[in-house]
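**Student:** Read in our numbering, the sequence shown has 111 at position 107, and its numbers run on one by one without any break.
Ideal placement from N, C-alpha and C gives every residue a C-beta, glycine not left out.
Could you have a look at this structure, given as structure tokens, before my questions?
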Amino acid sequence: LVLRYVRWITGVLQGDFGNSLISGQPVAETLGRRVLNSVLLGALALAIYVPLAVLPAILQAVNRDRPLDQAISALSLAILSIPDFLLATLILIGFVVVLPLAPARSIVEASSTWGQALHAMILPSTTIALVMATYAVRY
């Protein structure tokens with residue numbers, strides 16, 4: 005078992021992740037097709053995160069110990085109190101069911117244009133950015 009692990013980790017360090025037990029295809033190919041979606045999701049979340057974190061922080065700094073500062077603190081605490089999975093579900097219900105502004109699926113196919121990819125990724129990216137920004141504003 006140890007020898008088998010050593011062989012596998014040696015292969016991983018050389019870029020050989022082995023073959024999938026389910027499909028039989030090389031794992032590196034399967035991962036490679038999905039990396040772009042992850043990079044796009046992270047980059048879009050970061051682009052949304054910065055203004056979501058910086059603007060309330062500036063407003064709090066300028067209005068220290070005033071009602072706006074306290075309101076932003078209370079709102080960020082309220083958002084932090086909601087579990088991430090529940091917040092994501094509430095955002096999904098709000099922007100897919102109640103206000104149909106975003107797609108329910110966020111899978112980006114290889115044939116998608118950049119506009120289609122951004123449209124598909126806006127909801128999950130905004131959810132990730134909101135959670136991260138709330139931590140940044142609160143702490």
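1) Mark Q64 as exposed unless 16 or more other C-beta atoms lie within 10 angstroms of its C-beta, in which case mark it buried.
2) Tell me the residue span of the alpha helix (DSSP H) that contains N2.
3) Under DSSP, the alpha helix (DSSP H) around I13 begins and ends at which residues?
4) What residue from T131, L84, A124, G98 has the CA that sits closest to V141's CA?
5) Quick check: what's the CA-CA separation for L5 versus Q18?
6) Measure the beta-carbon distance from L44 to V112 and round it to whole angstroms, keeping in mind my assumption that it falls under 8 angstroms.
7) Taking the alpha-carbon of V31 as reference, which of G15, S42, N41 has the nearest alpha-carbon?
8) Name the one or two DSSP bridge partners that P30 has.
9) Quick one: grab the DSSP three-state call for Y143.
10) Distance, Cα to Cα, P144 vs Q120?
**Tutor:** According to the data block:
1) buried
2) No information on residue 2 is available, as it lies outside the stretch 5 to 143 that the chain covers here.
3) For I13, the enclosing alpha helix (DSSP H) begins and ends at 6-17.
4) L84
5) Whole-angstrom Cα-Cα distance: 20 angstroms.
6) Under the criterion of beta carbons closer than 8 angstroms, L44 and V112 qualify as touching, at roughly 7 angstroms.
7) G15
8) N23
9) coil
10) This structure does not reach residue 144, given that the chain is present from 5 up to 143, and the question cannot be answered.
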